[in-house]
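Read in order, the letters of the sequence shown correspond to residues 82 to 138 in this note's numbering. The C-beta atom is built at its ideal place from N, Cα and C for all residues, glycine as well. All of these numbers come straight from a predicted model, not from anything done at the bench. Report on the structure given below.
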Amino acid sequence: MSLNDKVDGYKLKKELVEELDVYKSIILKKLDIDDFKSALVKIGSALILIKEHQNYF
């Protein structure tokens, strides 16, 4: 694995973590207003994102 591949992998991981942080904040807001159905939908979306990129973690 070259240095460029490692840097690209690091950037991808960083972007995924940032995107998951966005999901986390949305989910917490949904839970605060007792919108559990929407929170579950967002949790499902986050899980799909994790499954799609599980090779990077």
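Going by the beta-carbon positions, is the gap between Lys123 and Ile108 smaller than 7 Å?
-> yes
The alpha helix (DSSP H) with Ile114 in it runs from where to where?
-> That residue, Ile114, is in no alpha helix (DSSP H); it is neither H nor E in DSSP.
Simplified DSSP assignment, three categories, for Ser83 | coil
Please determine, among Lys105, Leu97, Leu121, Asn85, the residue with the shortest C-alpha to C-alpha distance to Glu133.
-> Leu97
To the nearest whole angstrom, what separates the beta carbons of Leu130 and Leu101, a pair I think is in contact under 8 Å?
-> 7 Å
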